[in-house]
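Going by this note's numbering, the sequence shown opens with residue 2, and the numbers climb by one from there.
For every residue, glycine included, the Cβ atom is placed at its ideal position computed from N, Cα and C.
Keep in mind the model is a prediction, meaning the values are calculated, not measured.
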Amino acid sequence: FNVSGMVCQSCPPRIENAISKRFPSDVVSVSASELLEKVVVEMKSGTSFGARDILYAIQSLGYGCEIWNENESEGREKERKSKLIERKYKKQFLLSVPLALPLLLMMIIFDPIDETKAFFMQKVGGTEISLMWIISWILATPAQFVLGYQFYARAFSALKHKTATMDTLIAMGTSAAYFYSVYVVLKNVVGSSSSHHDAGGGGGGHEKEEDAIFFETSTVLISFVLLGKWLEARAKGKASEAIQKLVSLAPNTAIICEVIEEKNNEDSGDLQIVSEKEIQSNLLKRGDVVKIVPGSAFPVDGVVLSGETAADESAITG
């Protein structure tokens, strides 16, 4: 099966365990690969369940699922989807940089300098809210709820199935930093701000230790996660492309032969072809005798029964 939506290393075991538990007496083995976005299920012969039941079971976990198809058009479609995902994460990361970079600059560069610190810590509108707090809140909000919406959506989907993924961790961590910072800002607007008028400094801009805000934490974390997603999608695309090129080297058809052995002496004999037939390579089975003509490729692995040739193995061995 082609399975989309596997975002971390916990997804393949989750799919494998779910299928094994749902069809305990019908499944021989289950293997899921996040890199290939592929799930292989081996069923016992004579079972009443089929591929449709497995597909529905995977979809019920919140993943996209289709029957695996190795034809050329399907390969091109999968490559196109991989490119789209890579471009999506690249665009989201580039959009997050103008939001996260100013917060990093305020935290690392501007805060230790007295002049810039005094500028960003000045009060706004006669309140106890500093300019740094306002800027941080404005920059963090679109990162949290626009770029970070996907993490909330996938975390909620996992929660519905009573499980947790990496998206759950990201959503919880960034939400804790963001909403605590909002609480601190609103507390200083509404509450007794008269006791919090001494100038102070810190990573995200705060007046006292108890009034620290962490808008930069959630924004920078989302930005780094999107960077990781982009690099991961890029690596997956290159790996899938390399695998696809290797698979494409195998011919689509093979010539199977019916042979008889002609005895030349007591020790050995030559194989004589009685009949031959061209079939699809995926229809070959163990024990078939395949004829390889000069210049053609090997459709499957096997042993040489008769004749000799040379083979280019560089695609496999390098």
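Checklist entry - What whole-angstrom Cβ distance do V4 and Y64 have, given they're in contact under 8 Å? => result What you label residue 4 is simply residue 3 of the sequence shown in a count that begins at 1. What you label residue 64 is simply residue 63 of the sequence shown in a count that begins at 1. The pair is a contact, with the Cβ atoms about 5 Å apart (cut-off 8 Å).
Checklist entry - What does Q273 pair with, by DSSP beta-bridge criteria? => result In the sequence shown, counting from the first residue as 1, residue 273 sits at position 272. BP columns for Q273 point to I261.
Item to check | Inside the region 140 to 197 only - alpha helix (DSSP H) runs reaching at least 4 residues | outcome: 150 to 161, 167 to 191
Checklist entry - Between which two residues does the alpha helix (DSSP H) containing N18 stretch? => result Here residue 18 is taken as the residue at index 17 of the sequence shown, counted from 1. Note, N18: alpha helix (DSSP H), 12 to 23.
Checklist entry - Which of helix, strand or coil does DSSP assign to A312? => result Here the question's residue 312 lines up with position 311 in the sequence shown. Correct three-state label for A312: coil.
Item to check | Alpha-carbon to alpha-carbon, G308 and P300 | outcome: Here residue 300 corresponds to residue number 299 of the sequence shown, with the count starting at 1. Here residue 308 corresponds to residue number 307 of the sequence shown, with the count starting at 1. In a straight line, the C-alpha of P300 is about 17 Å away from that of G308.
Checklist entry - If L1 sits next to L140, beta carbons under 8 Å apart, how far is it from one beta carbon to the other, in whole angstroms? => result Because the chain spans 2 through 319 in this model, residue 1 falls outside it and cannot be assessed.
Item to check | Proximity winner among K292, Q10, S49, D112, relative to P25 (alpha-carbon distances) | outcome: Along the sequence shown, one-based indexing puts residue 25 at 24. Comparing Cα positions, the closest option is S49.
Checklist entry - What separation, rounded to the nearest whole angstrom, lies between the Cα atoms of T117 and V186? => result Here residue 117 is taken as the residue at index 116 of the sequence shown, counted from 1. Here residue 186 is taken as the residue at index 185 of the sequence shown, counted from 1. Cα to Cα, T117 sits roughly 21 Å from V186.
Checklist entry - From A240 to V294, what distance separates their C-alpha atoms? => result Indexing the sequence shown from 1 puts residue 240 at position 239. Indexing the sequence shown from 1 puts residue 294 at position 293. Distance between the alpha carbons of A240 and V294 is about 31 Å.
Item to check | Residue range of the alpha helix (DSSP H) that includes E67 | outcome: Residue 67 sits at position 66 when you count from the first residue of the sequence shown. Unbroken run through E67 is the beta strand (DSSP E), 65 to 67; no alpha helix (DSSP H).
Item to check | Per-residue burial, R15 [other beta carbons within 10 Å of its own, 16 or more giving buried] | outcome: To locate residue 15, count along the sequence shown from 1; it is residue 14. Answer is buried; the Cβ neighbour count reaches 16.
Checklist entry - Can you give the beta carbon distance from F216 to S137, rounded, assuming they're within the 8 Å contact cut? => result What you label residue 216 is simply residue 215 of the sequence shown in a count that begins at 1. What you label residue 137 is simply residue 136 of the sequence shown in a count that begins at 1. So it is a contact: roughly 4 Å between Cβ atoms.
Checklist entry - Distance, Cα to Cα, V275 vs A251? => result To locate residue 275, count along the sequence shown from 1; it is residue 274. To locate residue 251, count along the sequence shown from 1; it is residue 250. Rounded to the nearest angstrom, the two C-alpha atoms are 26 Å apart.
Item to check | Residues near L222 by beta carbon distance below 6 Å, same chain, minus five either side | outcome: Counted from its first residue, the sequence shown places residue 222 at position 221. T175.
Item to check | Through-space distance from T169 to G206, alpha-carbon basis | outcome: Working through the sequence shown from its first residue, we reach residue 206 at position 205. Working through the sequence shown from its first residue, we reach residue 169 at position 168. Caution is warranted here: a pLDDT of 45 is assigned to G206, below 50, making its placement in the model unreliable, and the coordinate value is therefore given only provisionally. Rounded to the nearest angstrom, the two C-alpha atoms are 28 Å apart.
Checklist entry - At which residues does the alpha helix (DSSP H) containing V31 begin and terminate? => result In the sequence shown, the residue the question calls residue 31 occupies position 30. No alpha helix (DSSP H) holds V31; the beta strand (DSSP E) holding it covers 28 to 34.
Checklist entry - Is V291 helix, strand or coil by DSSP? => result For the purposes of this step, residue 291 is taken as the residue at position 290 of the sequence shown. Note: V291 maps to strand in three-state DSSP.
Checklist entry - What do you get for Q273, buried or exposed, if any count of 16 or more other CB atoms within 10 angstroms of its CB means buried? => result For the purposes of this step, residue 273 is identified with residue 272 of the sequence shown, where counting begins at 1. Q273 should be labelled exposed.
Item to check | I256 - DSSP class collapsed to helix/strand/coil | outcome: For the purposes of this step, residue 256 is taken as residue 255 along the sequence shown, with counting starting at 1. Three-state result, I256: strand.
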